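Throughout, my numbering is defined as the position within the sequence shown, counted from one, plus 812.
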Amino acid sequence: MKILKFGGSSVASPERIRGVARIVLEASKKDKLLVVVSAFQGITDKLLECARTAERGDVTYQTQFNLLADRHWETAKALHSKKIPKALAEKIQQLLHDLHDVLHGVYLLRHCPPRGFDLTASFGERLSALIISSSINRTHPSCFADARNFVVTDDQFMHAEVLFQQTNAAIQKYFKQLWKEQSNKTIPLVTGFVGSTEDGRTTTIGRNGSDYTAAIVGAALNVSVIEIWTDVDGVLSADPREVKDAFVLPSISFEEALELSYFGAKVLHPATIAPAIAHGIPIHIKNTMNPSAPGTIIGKVDDERAKVAKGITSIDNITLLNLRGIAMVGVPGTAERLFRALASHKVNVVLISQASSEHTICIAVKNHEVTRARKAIQQEFQFEFSTGLTSIDERSEQTIIAIVGEGMKGIPGVSGKVFQSLGLNNINISAIAQGSSERNISFVTDSSEKIRAVNVIHQAFFESRKRLSLAIVGIGNIGSALLQQLHQQRLFLHNQGFDIRVCAIADSKKLLLKHDGIDLMRWQNELQHAQHAMDVRALAKHIAEMKLTNVALVDCTASSAIVDAYTEFVEANMHIITPNKKANVL
C-alpha cells in the first residue's frame, strides 16, 4: 500500500486535477492507495483573509466569500462536463453554507479567535477532497475521508500538536471500517492539514501540513512508500531561482532532508520526516506536471554512495544578536540564563555561535522576533548592562546559508573549501556554526551577498567545470577577434574543464547584457538592438546586480574613461584583463 499526497499547486485548476486523476488511476493498477490532498492553490490564504475582513466589520467579506464559492463551483462543473451530480452539489452547498455561517458569526462579533481561524481554514481541504474524490469516482471507486475523524490533536489552535497514541488507533479503526464497508479497492481522498481535538473541535497542524498528514496516516498504516506530488521534479541541490545550474538529487537521507527542509528548502514540510524516520518509510518526491521524471527518494542512503555535499539552502530575514562582555568570561550559567530568557519570551533561536574565549555568545533570530529577544536579554542581564561590562550588538539584513551532506562526516577540508570559495569572492562571514554530526555547515552573511555566496559554493562542490564570466568592452579588431575565438574554441574549452560565458558586450554607444551568456553567433545583431546605452559606471552597476561569480572585465578599448573606472570594477569583485595601453600608466 502507498500514499499519494498532492499539494495546492497540483490541484490548482481543473486541468491539473485531471492530471492528478490520471496519476492516481495509473498507480491504482499496481498498489492499494490512499490519497491526501491540499486545498486548491491559494484558497487557504483567501479563506483566512476573508475571516480577517469579517473580523474588521467589513461587509466586503461577502464578495470574497462569493469568489471562493464560485471557484469551487466552476471547478466541480468543469470536472463533470458542466453537469454536477446532485449528491455532490448538495454536499458542496452544505459546506459553503456552513462556511458562510462561520464568517457571518465573525462579522457580527467583530472577533475571530484562533479556533475560528482553524475552522475557517479547514473548508479549503474539505471542499478540495470532496470535489476531487467525486471526479476520481467517475472511473474508479473513491470516497471522501475527513481527517478530523481520525487525526487527534491538542487545542493549540492554528498549530496543533498531534496526539499520536489516540491518532494511530483512530486511523487504523477508521480505515479498517471504511474498506470493510465499501471495497478494498476504494481510494480514500483524505483532507490534509486538518484535525480535531478529543472533544471534536477543528484544528490545523501548521501551514503546508498536508505533507504531515500523509506521513501520520502512512506511519499508522505502515505503508510501503509516501509519494509527495508537487510542482518541481524533486529536491534540488539549490533554489533554481538563485542557482541556474541547480539539479535534481536522485536520493538523499532522512537526516539530509530534515536539514534541508529546516533551512528553507520548500519541497517538504519538516515535520513530515519524523514519522517516516520512526517507521523507516521512504518518501518519494514527484512532479505532477512531469510524472515521468524520476524524482527524489528520501530514505536510507548507503554511506559509500553518499556525496560530500548534497544541497545548499538558506533562511532569509535574519538578525544577529551578539551578547558580549568581560563579565561573562568563566561565569557558569551565562548561556543557560540567555536561552531560558529567550524561551520564556517564546523566541526561537535559529543559529548559535560561541567562541571558546566565552567573551561573546552570538545568536540568530528571525526579524519579527528581534524586539522580543532584545527585551528578554535586557531584562535578564539588567545588572550586567548597568555595570557597562556587558553589551548587546545587533546586525540586521542577514541570511543563514547551510551546506548539507551526509558525506561531509570525517572528510578533511570541507569547511576549508567552503570558506576559501567565499574568500576568493570577497564575501564576508558574520558567524559560523557546525554541529558534531558534520552533516551541516552553516554561516551567516549579509543578505545582499546571498545569491553570490550560494552560487560560488554550488560551483565549488557540484560543478566540474571552472566558470568565468566576461564583460567585453570594445568591439574593434581586438574585441571582435576575441569574441570569434571564444565562439570557435567553446567546445575545446568545455572539454578542458572551462565554462566561459560572455555576459556583457559593449561598444561606445550600446550595452548588451545577458546573465546566462550571450549567443556569440548573433552578438552583432543583438548588440545593435540592445536596450541599454553604454555608460561605464552603469556597466559596473549592472554587473554587480547580476550577482555573477568569477567575473572579469576585458577592456579592448583605448579609452581613458574605462581606465578611470577600473576601481569601480574592482569594487564590484571583477578581475581586469586589458591590452589598453593607457592602463599601463596606473
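The beta-carbon is built from N, C-alpha and C at its ideal position, and this holds for glycine as well. Just so we're clear, the structure is a prediction, and the values are computed from it rather than from any experiment.
Between Ala1069 and His1270, what straight-line distance do the alpha-carbon atoms span, to the nearest angstrom? For the purposes of this step, residue 1069 is identified with residue 257 of the sequence shown, where counting begins at 1. For the purposes of this step, residue 1270 is identified with residue 458 of the sequence shown, where counting begins at 1. Roughly 18 Å between the two C-alpha positions.
**Request:** Pull up the DSSP beta-bridge partners for Ile1269, would you.
**Result:** By 1-based counting over the sequence shown, the position of residue 1269 is 457. Answer is none; Ile1269 lacks a bridge partner.
What residue range does the beta strand (DSSP E) around Gly1228 cover? Indexing the sequence shown from 1 puts residue 1228 at position 416. Looking at the DSSP string, Gly1228 is not in any beta strand (DSSP E); the run it does join, the alpha helix (DSSP H), is 1226 to 1236.
* Which runs of the alpha helix (DSSP H), 4 residues or longer, sit entirely within the region 1327 to 1382? -> 1335 to 1340, 1348 to 1357, 1372 to 1376
For Glu1218, which residues in the same chain have their Cβ closer than 6 Å to its Cβ, ignoring the five residues on either side in sequence? Against the sequence shown, residue 1218 aligns to sequence position 406. Here the set comprises Ser1065, Glu1068, Ala1118, Arg1251.
*Can you name the start and end residues of the beta strand (DSSP E) that Ser1254 belongs to?*
Indexing the sequence shown from 1 puts residue 1254 at position 442. Its beta strand (DSSP E) spans residues 1252 to 1258.
field: Beta-carbon proximity of Val1037 to His952, cut-off 8 Å
entry: Taking the first residue of the sequence shown as 1, we reach residue 1037 at position 225. Taking the first residue of the sequence shown as 1, we reach residue 952 at position 140. No.
Candidates Gly1329, Val1285, Leu1294, of which the one nearest Lys1322 by Cα:
In the sequence shown, counting from the first residue as 1, residue 1322 sits at position 510. Of Gly1329, Val1285, Leu1294, the residue nearest in Cα terms is Val1285.
- prompt: Under the rule that 16 or more other beta-carbon atoms within 10 Å means buried, what is Asn1034, buried or exposed?
  reply: As a working mapping, residue 1034 is identified with position 222 in the sequence shown. Label assigned to Asn1034: exposed.
On the DSSP bridge assignment, give the partners of His1096 in chain order. Counting from one through the sequence shown, the residue named residue 1096 turns up at place 284. Paired residues: Glu1039, Ile1109.
Notebook entry, point to check: How is Ile1189 classed by DSSP in three states: helix, strand or coil?
Noted result: Looking up residue 1189 in the sequence shown gives position 377. Of the three classes helix, strand and coil, the one that applies to Ile1189 here is helix, per DSSP.
Worksheet entry | Own chain, CB closer than 7 Å to Thr1108, minus 5 neighbours either side, in chain order | As a first step, residue 1108 must be located in the sequence shown, where it is residue number 296. Cβ neighbours of Thr1108 beyond the five flanking positions: Gly1046, Val1047, Val1060, Leu1061, Pro1062, Ser1063, Ile1064, Ile1097.
- Task: Under 8 Å Cβ to Cβ from Ser1227, same chain only, skipping five residues before and after it: list those, please.
- Result: If you number the sequence shown from 1, residue 1227 lands on position 415. Only Gln1246, Ile1253 meet the Cβ criterion.
Item to check | Inter-residue spacing [alpha-carbon to alpha-carbon] between Ile1355 and Ala1384 | outcome: Within the sequence shown, residue 1355 is the residue found at index 543, counting from 1. Within the sequence shown, residue 1384 is the residue found at index 572, counting from 1. Roughly 7 Å separates the two Cα atoms.
query = Since Ala1188 contacts Ala1243 with CB under 8 Å, what's their CB separation in whole angstroms?
reply = As a first step, residue 1188 must be located in the sequence shown, where it is residue number 376. As a first step, residue 1243 must be located in the sequence shown, where it is residue number 431. Actually they are not in contact, since the Cβ atoms of Ala1188 and Ala1243 sit about 20 Å apart, beyond 8 Å.
If you check the beta carbons only, do Val918 and Arg960 fall under 8 Å apart? Translated into the one-based positions of the sequence shown, residue 918 becomes position 106. Translated into the one-based positions of the sequence shown, residue 960 becomes position 148. Their beta carbons are not under 8 Å apart, which means Val918 does not touch Arg960 by this criterion.
Handout entry: 3-residue-minimum beta strand (DSSP E) runs that sit fully inside the region 1264 to 1315, ordered along the chain
Key = 1278 to 1285
* Asked: Ile1040: which of Lys817, Glu1380, Ser1126, Asn1267 sits nearest, CA to CA?
  -> Residue numbering aside, residue 1040 sits at position 228 when the sequence shown is read from its first letter. Minimum Cα distance to Ile1040 is reached at Lys817.
Who are the near neighbours of Asn1102 in its chain, counting only those whose CB is closer than 7 Å to its CB and skipping five residues on each side? If you number the sequence shown from 1, residue 1102 lands on position 290. Closer than 7 Å at Cβ, skipping near neighbours: Asp1045.
Where does Arg828 fall in DSSP's three states?
Position 16 of the sequence shown holds residue 828. In the structure shown, Arg828 sits in a helix (DSSP, three-state: H, G or I).
| request: Kindly indicate which three-state DSSP category Ala1245 falls into: helix, strand or coil? | output: Translated into the one-based positions of the sequence shown, residue 1245 becomes position 433. In this structure, Ala1245 counts as strand in the three-state DSSP scheme.
Rounded to whole angstroms, what is the Cα-Cα separation between Asn1256 and Lys992?
Counting from 1 along the sequence shown, the entry for residue 1256 is found at position 444. Counting from 1 along the sequence shown, the entry for residue 992 is found at position 180. Looking at the sequence provided, one finds Val at residue 1256 rather than Asn. Each residue's Cα considered, the two are about 55 Å apart.
Three or more C-beta pairs under 8 Å: does that hold for the region 1323 to 1340 against the region 1348 to 1367? yes
Measuring straight from C-alpha to C-alpha, what distance separates Phe877 and Leu942? Sequence index remark: in the sequence shown, residue 877 carries index 65 (1-based). Sequence index remark: in the sequence shown, residue 942 carries index 130 (1-based). Rounded to whole angstroms, Phe877 to Leu942 spans 18 Å at the Cα level.
| message | With distance defined between alpha-carbon atoms, name the residue in Glu861, Met1333, Ser940 nearest to His761. | response | This structure cannot settle anything about residue 761, because the visible part of the chain is limited to 813 through 1398.
Original post:
Ends of the beta strand (DSSP E) at Val1006?
Top reply: In the sequence shown, residue 1006 corresponds to position 194, counting from 1. Its beta strand (DSSP E) spans residues 1006 to 1009.
How would you call Thr1199, buried or exposed, if buried means at least 16 neighbouring beta carbons within 10 angstroms? Taking the sequence shown and counting its residues from 1, the one referred to as residue 1199 is at position 387. When all chains shown are included, Thr1199 counts as exposed.
Worksheet entry | Buried versus exposed call for Glu1116 [16 or more other C-beta atoms within 10 Å across all chains shown] | On the sequence shown, residue 1116 is found 304 positions in, with the first residue counted as 1. Reliability fails at Glu1116, whose pLDDT of 49 lies under 50, so the model's placement of it is uncertain and the value that follows must be treated cautiously. Flag for Glu1116 reads exposed.
query = Which residue's Cα is closest to the Cα of Arg1136: Ala1027, Phe1197, Arg1264, Ala899?
reply = Residue 1136 sits at position 324 when you count from the first residue of the sequence shown. Of the listed residues, the one whose Cα sits closest to Arg1136 is Phe1197.
inquiry  = Let me check understanding here. Comparing Cα to Cα, which of Gly1018, Gln1340, Gly1004 lies closest to Ala1026?
reply    = Residue numbering aside, residue 1026 sits at position 214 when the sequence shown is read from its first letter. When each option's Cα is compared against that of Ala1026, the closest is Gly1004.
Quick check: what's the CA-CA separation for Ala1167 versus Ile1263?
Reading the sequence shown from its first residue, position 355 is the one you call residue 1167. Reading the sequence shown from its first residue, position 451 is the one you call residue 1263. Ala1167 and Ile1263: Cα-Cα distance of roughly 28 Å.
Q. In its own chain, which residues sit with a C-beta less than 6 Å from the C-beta of Phe1231, not counting the 5 before and 5 after it?
A. Within the sequence shown, numbered from 1, the residue matching residue 1231 stands at position 419. Counting only Cβ-Cβ distances below 6 Å, and skipping sequence neighbours, we find nothing.
ask   = Between the beta-carbon of Glu937 and the beta-carbon of Gln978, is there less than 8 Å?
value = Taking the sequence shown and counting its residues from 1, the one referred to as residue 937 is at position 125. Taking the sequence shown and counting its residues from 1, the one referred to as residue 978 is at position 166. Their beta carbons are not under 8 Å apart, which means Glu937 does not touch Gln978 by this criterion.
Item to complete: Assuming Leu915 and Cys862 form a contact by the criterion Cβ under 8 Å, report the distance between their Cβ atoms to the nearest whole angstrom.
Response: The count along the sequence shown starts at 1 and reaches residue 915 at position 103. The count along the sequence shown starts at 1 and reaches residue 862 at position 50. Confirmed, Cβ separation roughly 6 Å.
- Per DSSP, which one or two residues make a beta bridge with Lys1178? As a first step, residue 1178 is located in the sequence shown; it is residue number 366 there, counting from the start. Beta-bridge pairing links Lys1178 to Ile1130.
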